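**Q** If you read the sequence shown in the numbering used here, its first letter stands for residue 1, the second for the next number, and so on. First, the structure itself, so that you have it in front of you.
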Amino acid sequence: MLKLYIGNQNYSSWSMRPWLVLKKAELPFEQELIRLYMPRTKEKLLQLSSAGTVPVLQVAEDMIPDSLAISEWAAKCVPNLWPKDPADRKAARAFCQQMQDDFAELRNAAPMNLRRRTSNPLPKAGLHAAQRMQNRWQEFLSEHDGAFLFGDWSIADAFATPYATRFVSYDIPRDPRADTYISELMADEHFLEWEMAALAEEWVIEPAEAVGR
Ligand SMILES: N[C@@H](CCC(=O)N[C@@H](CS)C(=O)NCC(=O)O)C(=O)O
């Protein structure tokens, strides 16, 4: 049996990614939510793994932390979670790594907050990162037929989804092709299931709400 530990669904962009991957993989899993930024949160997270963060996937006695490591584990069970073509597969992996390491200006200027709707303009650095993000998406979209970055849905799209929500929440300007891609991700049945749970949450993380006010 698999168990995925996640953070608040309204805010935890890292948790959303492997959750989407496991859903697409049709691997049945239980989930347990650990409320972030509460007095005992860190202690609970450190009991799960030395990373001290969510997501964590429990596979029997093993604990796998990190959204990309969990996605790689799922792709061992269901290989078509990565694109078929070897060059695409390499590019998709590099893209996911970049989604983790890069774009901090966008993450900081527009933290994932699924309830949020604002049209206050982002600071320049955030806008610039958002443009770089769109350019990256368009690079892949223009090279492949289909609605997703590498044609069919792949882990790369799971890694793009939390960024796509920021374009909607913060009304970030986007090009028509990027807009179509964002709409596709936002209409995904599994994203909608996650979003519904997020919208039902009543917990508020003030520092995230204060950004861009
Ligand atoms: N690189 C990690 C990042 C995980 C991460 O930063 N998770 C946040 C929640 S979205 C967290 O657990 N924060 C709690 C903390 O750092 O105390 C991944 O991809 O899983």
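For every residue, glycine included, the Cβ atom is placed at its ideal position computed from N, Cα and C. None of these values were measured; they are calculated from a predicted model.
#1: Determine which residues share a DSSP beta bridge with L57 and list them.
#2: Please decide whether I205 counts as near chain B, where near means a Cβ-Cβ distance under 9 Å.
#3: So what does L33 bridge to, in DSSP terms?
#4: Considering only residues of the same chain and omitting the five flanking positions on each side of D88, which have a CB-CB separation below 7 Å?
#5: Are there any heavy atoms of ligand 1 lying less than 8 Å away from the beta-carbon of P121, as far as the coordinates show?
#6: Going by C-alpha distance, which of A156, A210 and I205 is nearest S12?
#7: Would you call the region 132-141 and the region 172-186 touching, i.e. three or more CB-CB distances under 8 Å?
#8: Just how far apart, CA to CA, sit V86 and A156?
#9: Measuring from the CB of W14, is there a heavy atom of ligand 3 at a distance below 8 Å?
#10: Using alpha carbons as the reference points, say which of K76, Q97, V168 and S71 lies closest to R117.
#11: Return helix, strand or coil for F103, following the three-state DSSP convention.
**A** Judging by the given coordinates:
#1: L4 and I64
#2: No chain B is part of this structure, which consists of one protein chain only.
#3: I6
#4: F150
#5: no
#6: I205
#7: yes
#8: The residue asked about is misnamed: residue 86 is Pro in this sequence, not Val. Cα-Cα distance, rounded: 14 Å.
#9: For the structure depicted, ligand 3 is absent and the ligand set comprises only ligand 1.
#10: V168
#11: coil
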